[in-house]
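Written out below as structure tokens is the structure these notes cover.
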Amino acid sequence: MELPFAESWKIKMVEPLRKSTRQEREQWIKEANYNLFQLKSDQVYIDCLTDSGTGAMSDRQWAAMMMGDESYAGSSSFFMLKDTITRITGFEYVIPTHQGRAAENVLFSHLVTPGAIVPGNSHFDTTKGHIESRKAFAVDCTVDEAKDTQLEVPFKGNVDPVKLEKVLAENADKVPFIIVTITNNTAGGQPVSMENLRQVRAIADKYGKRVIFDSARFVENAYFIRTREEGYGDKTIKEICKEMFSYADGMTMSSKKDGLVNMGGFIATRHEDWYEGAKRFCIPFEGYLTYGGMNGRDMAALAVGLDENTELDNIETRIRQVQYLAARLDEFGIPYQRPVGGHAIFVDADKVLDQIPKEEFPAQTLAIELYLEAGIRGCEIGYILADRDPVTRENRFGGLDLLRLCIARRVYTNNHMDVIAVALKNVFDRRHEITRGVKIVWETELMRHFTVKLERL
Ligand code: F0G
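According to the numbering used here, the stretch in the sequence shown is residues -9 to 447, in order.
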């Protein structure tokens, strides 16, 4: 008999969880204005809000922290980090930042000017925010397949080469760079194939443009290439990463995901001119070049985390847990973005709460219901997060309305996955009784989902 699959690690330290009653949760969510970002973490039983900065570090990472060098300039931990990044990505120039959006801020301050057009595949909300706040435009060129949650295609995160080429043919002079997000978070943690990365490179070369990878989950992307794309089954994760980055000019990184640390980010590039340009913004915004918003000890832990996560055992354990949860949802017939992506389940809320009109935000309503059911905190990746159109100020209802349930790295067991699955099933079973959603009573202009205040209808 074949041995079952199990985690590639064992647990050395635990953190107690607190359960609550439905009555308590009714009160707490009301006090939070029906915005799950406004809940306190001890009001949450299983936290699936994000996989960002919520992972567990290994004993080796904690050991590296003790060796961190806190020198203001020339920290040896910086050089350890830089060498690791160069080894994994091939990029020679590295600027640490305090997190991913800070990397965007620093690099885009150099590259994005008013009126610029930045094509990509479903820019993440902070990426879009850093483009739009500079009076530039993020043009989404994701493949249309990503919009049909029930379609089983292996690389739903891909850039549509025809859409990309059209943007460049019409507006090449306005495009400072192309950005490819690996994996494509907004489309459901969906991977981008190596073939697609090659196509993007070819189009970029044709128009003399450079390519940035928003690389928050690049290791998950490499794992999917290894398991789904022909010719990669025998390659190591590190070999696949190296090839992926060979098609880019630089990267922005949120180390809080595939770096396996709780805080941190960086920019890496092969071009000295980008490095020189970004340097000018790193120093005033983030800090001196050999720490850029990070502690020495955090850079040391990140160096170890990057190495550890680019080993097959670790990344396989991670993806297989997400796939385990997806298989449980299949048993109950719950619709989600298929096939499941790398870091989360994206439940298709429009299909679950099909009686609730878009204007009443189905995915947000489903997030509230799941919290009330079992204290599980998910997050809306849908019409609230999409913000308003910067020109018309209308809500953007064109995309998907999803409830994202993120799985933290190395934190919960498969028993927790079972609780999530059954809680969702219970809500799913009474979906026809849920007929009204929520309305916005207060919001900000950009990235409103963090602070939006809602009322139940
Ligand atoms: N790019 C992608 C694809 C992301 O998913 C994120 C963050 C960022 C950039 C920004 O990085 O948070 O370190 O500043 N995503 C988190 C999430 C917040 O929950 O998906 P950051």
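Quick reminder that beta carbons are idealized off the backbone N, C-alpha and C, glycines included.
Out of curiosity, what's the CA-to-CA distance linking G155 and I430? Reading the sequence shown from its first residue, position 165 is the one you call residue 155. Reading the sequence shown from its first residue, position 440 is the one you call residue 430. Going by the sequence as given, residue 155 is Glu instead of Gly. For E155 and I430, the distance between alpha carbons rounds to 38 Å.
Measuring only the C-alpha atoms, how far is E219 from S183? What you label residue 219 is simply residue 229 of the sequence shown in a count that begins at 1. What you label residue 183 is simply residue 193 of the sequence shown in a count that begins at 1. C-alpha separation (whole angstroms): 7 Å.
Any non-hydrogen atom of ligand 1 within 7 Å of R367 CB: As a first step, residue 367 must be located in the sequence shown, where it is residue number 377. No, Cβ of R367 sits at least 7 Å from all heavy atoms of ligand 1.
In whole angstroms, give me the CA-to-CA distance for E435 and R378. As a working note, residue 435 is residue 445 in the sequence shown. As a working note, residue 378 is residue 388 in the sequence shown. Our two residues, E435 and R378, have alpha carbons roughly 8 Å apart in a direct line.
Within the same chain, show all residues whose beta-carbon is closer than 7 Å to that of A364, passing over the 5 residues directly before and after it, in chain order. Residue mapping note: residue 364 aligns to position 374 of the sequence shown, counting from 1. Close CB contacts of A364 within its chain, under the 7 Å cut and outside five residues either way in sequence, are with Y35, V409 and A413 (chain order).
Start-end ranges of the alpha helix (DSSP H) lying completely within the region 86 to 121, minimum 4 residues: 90 to 101, all fully within the region 86 to 121.
According to the Cβ coordinates, are D41 and C396 closer than 8 Å? Within the sequence shown, numbered from 1, the residue matching residue 41 stands at position 51. Within the sequence shown, numbered from 1, the residue matching residue 396 stands at position 406. Yes. Within cutoff.
In the DSSP assignment, what residue or residues form a beta bridge with N174? Translated into positions along the sequence shown, residue 174 becomes position 184. Paired residue(s): Q180.
Looking at the secondary structure, which residues open and close the beta strand (DSSP E) in which G255 lies? Mapped onto the sequence shown, residue 255 falls at position 265. G255 -> beta strand (DSSP E) spans G255 to T259.
Outcome for S31 when other beta-carbon atoms lying within 10 angstroms are tallied against a minimum of 16: Position 41 of the sequence shown holds residue 31. Here S31 is exposed: its Cβ has fewer than 16 other Cβ atoms, across all protein chains shown, within 10 Å.
Can we say the region 136 to 147 touches the region 170 to 190, given the rule of at least three CB pairs closer than 8 Å? Below 8 Å, enough C-beta pairs join the region 136 to 147 and the region 170 to 190 to call them touching: three or more.
Those residues which DSSP pairs with D338 across a bridge: As a first step, residue 338 is located in the sequence shown; it is residue number 348 there, counting from the start. The partner list for D338 (beta bridge, DSSP) reads L392.
Beta carbon of D150: closer than 7 Å to some heavy atom of ligand 1? Against the sequence shown, residue 150 aligns to sequence position 160. Not under cutoff, so the answer is no.
Cα-Cα, which of K125, L356, V294 and M241 is closest to A46? Looking up residue 46 in the sequence shown gives position 56. Closest option to A46, Cα to Cα, is V294.
Any non-hydrogen atom of ligand 1 within 7 Å of M91 CB: For the purposes of this step, residue 91 is taken as the residue at position 101 of the sequence shown. According to the sequence provided, residue 91 is Arg. The question's Met does not apply to it. Yes, the Cβ of R91 comes within 7 Å of a heavy atom of ligand 1.
Which residue wins for smallest C-alpha separation from L392, given the options C231, N385, I374 and D134? Working through the sequence shown from its first residue, we reach residue 392 at position 402. Check the Cα spacing between L392 and each of C231, N385, I374 and D134: the tightest is with I374.
Can you grab the Cα-Cα spacing for the pair H310 / G105, in whole Å? For this step, residue 310 is matched to residue 320 along the sequence shown. For this step, residue 105 is matched to residue 115 along the sequence shown. Before going further, note that residue 310 is Arg rather than His in the sequence given. About 43 Å.
Are any of the Cβ atoms in chain D nearer than 8 Å to that of Q33? Among the protein chains of the structure shown there is no chain D, as only one such chain exists.
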